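Protein chains: 2
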Amino acid sequence: MQIKNPPLIFQVVGYKNSGKTTLMERLISYLSSKELQVGTLKHHGHGGEPASVKETDSSKHLQAGSSISAVQGERELHITVKDTTSFELDELLQFYTVLPLDILLIEGYKKADYPKIVILKDEKDMALLELSNIIAVGCWNEVLAENSDYYTFPLQKTEENLPALIACMVGRQLNEN
Amino acid sequence: MQIKNPPLIFQVVGYKNSGKTTLMERLISYLSSKELQVGTLKHHGHGGEPASVKETDSSKHLQAGSSISAVQGERELHITVKDTTSFELDELLQFYTVLPLDILLIEGYKKADYPKIVILKDEKDMALLELSNIIAVGCWNEVLAENSDYYTFPLQKTEENLPALIACMVGRQLNEN
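Read top to bottom, the protein sequences are chains F and U.
Each residue of the first sequence is one higher than the last, beginning at 0 in numbering that gives the first Met the number 0.
Each residue of the second sequence is one higher than the last, beginning at 0 in numbering that gives the first Met the number 0.
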């Protein structure tokens with residue numbers, strides 16, 4: 000194992016229940032089927048914590064006062080970090096430098112400035128087109144992106160548009176580097 | 000937030016059900032009550048995985064093929080890393096460099112070479128005294144460590160021995176640095 004070059008980083012943003020996680024899954028499956036190492040980060044949003052691991056030795060460590068606690072099992076490593084509200088996104092991304100990733104996909108974090116795919120579900124989502132660094136737009140209704148200058152694809156047909164979408168994502172970043 | 004000097008690293012080792020997690024909890028509580036930033040790592044041992052977070056978006060990302068997936072909630076960050084069996088302990092410890100920790104406590108990983116507290120429960124545990132870099136011995140039966148050259152404390156009285164134990168741990172490392 001060794002640290003590769005920093006991975007290419009992309010975001011998938013959209014309002015709640017617009018289909019972000021499904022698009023993430025499609026992208027991850029496609030990229031990892033091409034033997035690329037993919038990492039992902041998701042913002043859980045407001046109103047609660049991600050499903051936590053309760054009553055484990057790791058949670059005992061955390062309750063006793065540790066700031067970061069991890070458990071290594073036979074196949075997976077689980078790490079929990081407390082009090083991350085003050086962390087900037089770039090600080091969180093430092094956890095990903097330990098692995099030799101090719102691509103890092105971020106679900107959410109609208110205000111971050113990484114190249115992003117925006118999901119438009121209906122008219123009221125159009126404000127998302129004001130976000131920075133948009134490289135592609137996924138639409139549930141193609142009328143929404145009719146006058147868009149971005150690469151646009153219908154979310155009903157994500158599967159068949161994946162190669163073109165990824166070419167658009169990667170081409171854009173390679174041009175910038 | 001900034002990266003401090005590397006934290007002092009200690010291990011707590013002992014056979015199954017010898018009281019490792021309880022000693023870890025006591026150490027974490029004491030150290031964090033002194034305003035020290037503590038991180039912890041535990042080896043789950045064989046025969047299963049740590050309690051996992053199922054049916055979450057993070058697990059969806061992992062199932063789709065990502066190597067590392069994280070979810071940031073309002074208070075906690077949960078990171079899951081797949082296929083860590085090939086990781087050396089030192090590679091796992093890289094995840095801890097992101098936080099400004101003072102002390103990193105490792106539960107298990109007997110064969111690692113960090114300064115360690117060994118727990119002796121009964122006669123058959125004496126083989127643990129052959130491990131490298133022992134700095135203290137916690138005993139359920141004081142007869143077990145009668146002829147030991149190490150700092151020894153009875154695990155029935157961990158609480159009152161904590162200040163001396165920690166002085167022994169930290170003093171040892173400071174002398175070496």
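Just so it is clear, CB atoms sit at the ideal spot from N, CA and C, and this is done for glycine as well.
Since the structure is predicted, the reported quantities are computational estimates derived from the model, not experimental observations.
Discussion item. I'd like to know whether the C-beta atoms of L128(F) and S147(F) end up nearer to each other than 9 Å.
Written reply: Residue numbering aside, residue 128(F) sits at position 129 when the first sequence is read from its first letter. Residue numbering aside, residue 147(F) sits at position 148 when the first sequence is read from its first letter. Contact flag set, yes.
Worksheet item: Checking contacts by CB at 9 Å: is E159(F) closer than that to chain U?
Response: Counted from its first residue, the first sequence places residue 159(F) at position 160. So no, E159(F) is outside the interface.
Worksheet item: Which stretch, first to last residue, makes up the alpha helix (DSSP H) that contains T20(U)?
Response: Stepping through the second sequence from its first residue, residue 20(U) is reached at position 21. It spans K19 to S32 - the alpha helix (DSSP H) in which T20(U) sits, taken as one unbroken run.
Fill in: Three-way DSSP call (helix, strand, coil) for Q178(F) in this model
With chain F represented from 0 up to 176, any question about residue 178(F) goes unanswered, as that position is not in the structure.
Discussion item. Between I133(F) and chain U, is any beta-carbon pair separated by less than 9 Å?
Written reply: Counting from 1 along the first sequence, the entry for residue 133(F) is found at position 134. Output row for I133(F): interface = no.
Discussion item. Please classify E158(U) as buried or exposed, where buried requires at least 16 other C-beta atoms within 10 Å of its C-beta.
Written reply: For the purposes of this step, residue 158(U) is identified with residue 159 of the second sequence, where counting begins at 1. E158(U) comes out exposed.
Worksheet item: Which two residues bound the contiguous alpha helix (DSSP H) that contains E106(F)?
Response: Residue 106(F) sits at position 107 when you count from the first residue of the first sequence. Per DSSP, E106(F) belongs to no alpha helix (DSSP H); it is in the beta strand (DSSP E), I102 to E106.
Practice prompt. State the Cα-Cα distance for the pair I102(U) and R171(U), rounded to the nearest angstrom.
Written response: Residue 102(U) sits at position 103 when you count from the first residue of the second sequence. Residue 171(U) sits at position 172 when you count from the first residue of the second sequence. About 14 Å.
Discussion item. Contact criterion: CB-CB distance below 9 Å. Does F9(F) meet it with respect to chain U?
Written reply: Numbered from 1 along the first sequence, position 10 holds the residue referred to as residue 9(F). It does not; no Cβ of chain U falls within 9 Å.
Discussion item. By the three-class DSSP mapping on this structure, what secondary structure does K150(U) have?
Written reply: Taking the second sequence and counting its residues from 1, one reaches residue 150(U) at position 151. Reading off the sequence shown, one finds Tyr at residue 150(U), where the question assumed Lys. Three-state DSSP puts Y150(U) in a strand.
Fill in: In DSSP terms, what K115(F) is bridged to
Walking along the first sequence from the start, residue 115(F) turns up at place 116. Its beta-bridge partners are Q10(F) and I133(F).
Worksheet item: Between the Cα of F152(U) and the Cα atoms of E122(U), G38(U) and V117(U), which residue gives the shortest distance?
Response: Here residue 152(U) refers to the residue found at position 153 when the second sequence is read from its first residue. Selected option, being the one with the closest Cα: V117(U).
Practice prompt. Going by CA-CA distance only, name the one from Q155(F), S31(F), K81(F) and T21(F) that's closest to V97(U).
Written response: If you number the second sequence from 1, residue 97(U) lands on position 98. Selected option, being the one with the closest Cα: K81(F).
Item to complete: Could you tell me the boundaries of the beta strand (DSSP E) in which L76(U) lies?
Response: By one-based count along the second sequence, residue 76(U) stands at place 77. E75 to K81 is the span of the beta strand (DSSP E), which, as asked, contains L76(U).
Worksheet item: Using a Cβ cut-off of 9 Å, which residues of the segment 71-85 of chain U contact any Cβ in chain F, in chain order?
Response: The segment 71-85 of chain U vs chain F, Cβ under 9 Å: Q71, G72, E73, R74, E75, L76, H77, I78, T79, V80, K81, D82, T83, T84 and S85.
Item to complete: Could you have a look at T96(F) and say whether DSSP puts it in helix, strand or coil?
Response: Position 97 of the first sequence, counted from the start, is the residue given in the question as residue 96(F). Helix, per DSSP.
Worksheet item: Going along chain U, which residues have a C-beta under 9 Å from I118(F)?
Response: On the first sequence, residue 118(F) is found 119 positions in, with the first residue counted as 1. Result: empty, since nearest Cβ-Cβ is about 15 Å, beyond 9 Å.
Worksheet item: Mapping DSSP to helix, strand and coil, what is Q155(F)?
Response: The sequence position of residue 155(F) within the first sequence is 156, counting from 1. When secondary structure is reduced to three states using DSSP, Q155(F) falls in the helix class.
Discussion item. When you measure from the CB of S58(F) to every non-hydrogen atom of the ligand FAD, does any distance come out below 8 Å?
Written reply: For the structure depicted, the ligand FAD is absent and the ligand set is empty, with no information on it obtainable.
Practice prompt. Kindly indicate the opening and closing residues of the alpha helix (DSSP H) around L91(F).
Written response: As a first step, residue 91(F) must be located in the first sequence, where it is residue number 92. L88 to L91 is the extent of the alpha helix (DSSP H) around L91(F).
Item to complete: From the DSSP output, read off the bridge partner residues of Q36(F).
Response: In the first sequence, residue 36(F) corresponds to position 37, counting from 1. According to DSSP, Q36(F) bridges with nothing at all.
Worksheet item: Looking at the C-beta of H42(F), does it have a partner C-beta in chain U at a distance below 9 Å?
Response: Within the first sequence, numbered from 1, the residue matching residue 42(F) stands at position 43. So, interface residue.
Worksheet item: So, helix, strand or coil for S85(U), using DSSP?
Response: Working through the second sequence from its first residue, we reach residue 85(U) at position 86. Here S85(U) sits in coil by DSSP.
Worksheet entry | Helix, strand or coil at K123(U) according to DSSP, with G and I counted as helix | The count along the second sequence starts at 1 and reaches residue 123(U) at position 124. Residue state, collapsed to three classes: helix.
Discussion item. Rounding to the nearest angstrom, what Cα-Cα distance links P5(F) and Y113(F) in this structure?
Written reply: Locating residue 5(F) in the first sequence gives position 6, where the first residue counts as 1. Locating residue 113(F) in the first sequence gives position 114, where the first residue counts as 1. CA-to-CA, the gap between P5(F) and Y113(F) works out to about 14 Å.
Worksheet entry | Short-range partners of chain F found in the segment 12-31 of chain U, where Cβ spacing is below 7 Å | So the list reads T20, M23, E24, I27, S28 and S31, given in the order they occur along the chain.
Worksheet item: What number of angstroms, rounded off, separates the C-alpha of G72(F) from the C-alpha of I67(U)?
Response: Here residue 72(F) corresponds to residue number 73 of the first sequence, with the count starting at 1. Here residue 67(U) corresponds to residue number 68 of the second sequence, with the count starting at 1. When rounded, the distance between both Cα atoms is 15 Å.
Discussion item. Once the 5 residues before and after I133(U) are set aside, which same chain residues still bring their CB inside 7 Å of it?
Written reply: Here residue 133(U) corresponds to residue number 134 of the second sequence, with the count starting at 1. For I133(U), where only same-chain residues beyond five positions count, the Cβ hits under 7 Å are K115, V117 and Y149.
Practice prompt. Measure from the C-beta of I67(U) to each C-beta in chain F and report whether the shortest distance is under 9 Å.
Written response: Taking the second sequence and counting its residues from 1, the one referred to as residue 67(U) is at position 68. At least one chain F Cβ lies under 9 Å of I67(U).
Worksheet entry | Nonlocal neighbours in the same chain, by C-beta distance under 8 Å from V165(U), ignoring five residues either side | Numbered from its first residue, the second sequence carries residue 165(U) at position 166. With the sequence shown as reference, residue 165(U) is identified as Ile, and Val is not the correct amino acid for it. Closer than 8 Å at Cβ, skipping near neighbours: L26, Y29 and L30.
Practice prompt. For C138(F), I'd like the list of residues in its chain whose CB is within less than 7 Å of its CB, leaving aside the five on either flank, ordered along the chain.
Written response: In the first sequence, residue 138(F) corresponds to position 139, counting from 1. L119, A144, T151, P153 and L154.
Practice prompt. Return the chain-ordered list of same chain residues with a C-beta closer than 8 Å to the C-beta of A69(U), the five sequence neighbours on each side being excluded.
Written response: Residue mapping note: residue 69(U) aligns to position 70 of the second sequence, counting from 1. Hits under 8 Å: S57, L76, H77, I78 and T79.
Worksheet item: CB H60(F) to CB Y108(F), shorter than 9 Å?
Response: Taking the first sequence and counting its residues from 1, one reaches residue 60(F) at position 61. Taking the first sequence and counting its residues from 1, one reaches residue 108(F) at position 109. Going by C-beta atoms, H60(F) is not nearer than 9 Å to Y108(F).
Fill in: Beta-carbon neighbours of L98(U), restricted to chain F and to distances below 8 Å
By 1-based counting over the second sequence, the position of residue 98(U) is 99. Under the 8 Å cutoff, chain F gives S66, I67 and V80.
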